[in-house]
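In our numbering, the protein residues as written are 293 to 490.
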């Protein structure tokens, strides 16, 4: 059973998850515009193409659901490299995202899961999902030349709640070094700098 404080925290995180999902889907909607997008051109994320980025984010929903349901990091390996774009990238994304949400509502989020970057609670995993959707929506926006406007509440939440796990993943080499930013930088710019993006 959740305490009242945990319930309030979970509701706030769920609302922010919805905002992060919307950021991501708005980018996917641009793929359906009248001007076809070449999915095999570079995305805004390292060496990944747009196709690889879209596969990674949709597949992340499935991987996190597997972990919340008690699966191991090894169990998630089979999902990497699968095609999550297909004929309906938005539908495929929501299919796996809804399954993840159902698992998050059903399981004990204080229980540790076997993430490939180390054991962490289900609650931390969901914060990572919000971070993943938010940051990768920026990568997709950069690739497509579309605007990226996360809300201050979302970016402030991630700067606060994701800081510890981001630092742990940085130590493991999964996230780049903190980039410099000015003291007057907006929360969104500070978030990008914190996760190693200029």
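No residue lacks a Cβ here, since even glycine has one placed at the ideal position from N, Cα and C.
Residue nearest to residue 421 in terms of C-alpha spacing, selected from 434, 436, 446 and 435:
446
Applying the 10 Å Cβ sphere with the 16-neighbour rule, what's the burial state of residue 453?
buried
With distances taken from CA atoms, which of 362, 390, 383 and 355 is nearest residue 373?
355
Euclidean distance between Cα positions of residue 467 and residue 307:
25 Å
So, under 8 Å CB-CB, residue 448 and residue 479 are touching, yes? Tell me the CB distance rounded to an integer number of Å.
5 Å
Residue 509 and residue 360 look like a contact to me (Cβ under 8 Å); what is the Cβ gap, rounded to whole Å?
This structure gives no information on residue 509, because the portion of the chain shown stretches from 293 to 490.
Quick check: the Cα distance between residue 353 and residue 477, rounded to an integer number of angstroms?
Across the structure, residue 353 and residue 477 are spaced so that their CA atoms are roughly 31 Å apart.
Let me make sure I understand the geometry here. Which of 409, 342 and 410 has the alpha-carbon closest to that of residue 381?
Shortest Cα-Cα distance from residue 381 to any of 409, 342 and 410 involves 342.
Measure how close the beta-carbons of residue 471 and residue 485 come, nearest whole angstrom, since I'm counting them as under 8 Å.
Sure, about 4 Å apart at Cβ, within 8 Å.
What does DSSP give as the partner residue(s) for residue 406 in the beta ladder?
BP columns for residue 406 point to 411.
Spatial distance of residue 474 from residue 318 (CA atoms)
29 Å
Within 10 angstroms of the Cβ of residue 336, are there 16 or more other Cβ atoms? Answer buried if so, exposed if not.
buried
If you run the structure through DSSP and keep just helix, strand and coil, what is residue 390?
helix
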